[in-house]
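Student:
Numbering (the numbering used here), first residue to last: 29 to 441.
1. So does the segment 180 to 199 actually touch the segment 211 to 218, counting three or more Cβ pairs closer than 8 Å?
2. For residue 177, list the residues DSSP reports as bridge partners.
3. If we ignore side chains and look at the alpha-carbon of each, how far apart do residue 416 and residue 364 end up?
4. Going by the beta-carbon positions, is the gap between residue 170 and residue 261 smaller than 8 Å?
5. With a threshold of 16 other CB atoms inside 10 Å of the CB of residue 64, please say whether the residue is buried or exposed.
6. Going by C-alpha distance, which of 283, 382, 266, 258 is nearest residue 273?
7. So, for residue 81: in the same chain, excluding its five sequence neighbours on each side, which residues have a beta-carbon less than 8 Å away from its beta-carbon?
8. Run through DSSP, which three-state label would residue 274 get?
9. Looking at the structure shown, is residue 17 part of a helix, part of a strand, or coil, going by DSSP?
10. Hey, out of 355, 103, 412, whose CA is closest to residue 308's CA?
11. So, with DSSP's three-state summary, where would you put residue 319?
12. Using three-state DSSP, classify residue 381 as helix, strand or coil.
13. Is residue 325 near residue 347, with beta carbons less than 8 Å apart?
14. Between which two residues does the beta strand (DSSP E) holding residue 405 run?
15. Quick one: Cα of residue 72 to Cα of residue 197, how far?
16. Determine the DSSP secondary structure at residue 100, reduced to helix, strand or coil.
17. Give the DSSP bridge partners of residue 307, in chain order.
18. Let me confirm a value: residue 424 is counted as buried when at least 16 other C-beta atoms fall within 10 Å, else exposed. Which label applies?
19. Between residue 83 and residue 110, what straight-line distance do the alpha-carbon atoms span, to the nearest angstrom?
20. Judging by CA-CA distance, which residue of 337, 282, 132, 237 is the nearest neighbour of residue 93?
21. Would you please state the rounded distance, in angstroms, between the beta carbons of residue 412 and residue 87? I believe it to be under 8 Å.
22. Under the DSSP definition of a beta bridge, which residues are partnered with residue 395?
23. Per the DSSP calculation, residue 143 is bridged to which residue(s)?
24. Tell me the DSSP bridge mates of residue 119?
25. What is the DSSP secondary structure of residue 203, counted as helix, strand or coil?
26. Identify whether residue 433 lies in helix, strand or coil by the three-state DSSP scheme.
27. Does the separation of the CB atoms of residue 384 and residue 91 fall below 8 Å?
28. Please state whether the Cβ-Cβ distance between residue 380 and residue 361 is less than 8 Å.
29. Which residue marks the beginning of the beta strand (DSSP E) containing residue 353, and which one marks its end?
30. For residue 387, which of helix, strand or coil comes out of DSSP?
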């Protein structure tokens, strides 16, 4: 496997070029964006069965690393095995990435949806524990809208290693690094955009700019943009988002190259910037907490921010982005609140469902928006809630857990 010195850290950086190469690109703001390699196969992979409806499930990981998957259709639970005890988990709707600070364990739920714009394809395969990507320090994961093509980015803060994984290989049960490069350690990220990737560059230990890398992990000439205190990323139907202190960068593909656009916060705003984003899969609008000022909504199609004031402290926010403009938030007292994203009006709220979890270190409650339901885990309460947010935040189902569902993700969407 060939090696090449990296221009980012002159003394120590090494780029490891994987034998596989990225393929495919799309036009600017194409819907769906960027990840169109293998698009004609409609997301099918060997060994998978196409089904007639979304094969929805939730994956939980307890404090000892035991992985379980609850089928939301027949309410059965499968024991998938164990990973190293993890501190955080993220998901792209198929894979669950469990961060141990000494590596990243990857769980394949074996369930996914292929978005074909005007219709969808749904698949089930055998779930599997794919293994671990080695690295040091908290791992930031950046995914795309495709779980069978393109790439997945992993950045290890303590070592400054940026790893781009081959998502198509993951779909076949293999962990293949397209490349691994090293920059100065910082809380950074590497974000896939079609056949390219964005990597943060630090200044004084803090992410300060973003550079575009080609499919071999080398800088694309002149393709950089300032992004002070870069934190938080998500891929929408429009493109990839990275949060900055003064707004967001939106990365799309235009004429086979990455186009970086700045979406500044509204002039005169004093609200803190969003440092994490969440929303329903495949939708253009996402949400982020604006400190004590409320919720930021970022519409990536319109390139606009909207600040929604909230009458209480919140810890998470997510945009459903449906016709009714529902925005969901987990309040600091453990309630789920439902807000009209157009007016900021409080529409409904639950009882304090996860107050004990938020008051202890039992685990991290995570609120996931879907349509027409939302899901919330209560680690201390040992339960997963299904919430009908459009029906006065009614608790439609509860799923008791055998052990504390410390980490949680919805899969199959």
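Just so you know, even glycine gets a beta-carbon here, dropped at the ideal spot from N, CA and C.
Tutor: The short version:
1. yes
2. DSSP lists no partner for residue 177.
3. Each residue's Cα considered, the two are about 11 Å apart.
4. Residue 170 is a Cβ neighbour of residue 261, given a cutoff of 8 Å.
5. Its pLDDT being 39, under 50, residue 64 is placed unreliably by the model, and the measurement read from it follows with that caveat. With 16 or more other Cβ atoms within 10 Å, it is buried.
6. 258
7. Result list for residue 81: 101, 150, in chain order.
8. The three-state reading of DSSP puts residue 274 in coil, since its state is none of H, G, I, E or B.
9. Lying outside 29 to 441, the shown extent of the chain, residue 17 is not represented and no answer is given.
10. 355
11. helix
12. coil
13. yes
14. 402 to 406
15. 13 Å
16. coil
17. 347
18. exposed
19. Distance from the CA of residue 83 to the CA of residue 110, rounded to the nearest whole angstrom, comes to 22 Å.
20. 132
21. Contact flag wrong, Cβ pair sits at about 10 Å.
22. 404
23. 148
24. 124
25. coil
26. coil
27. no
28. yes
29. Element bounds for residue 353: n/a, residue is neither H nor E.
30. Three-state DSSP puts residue 387 in a helix.
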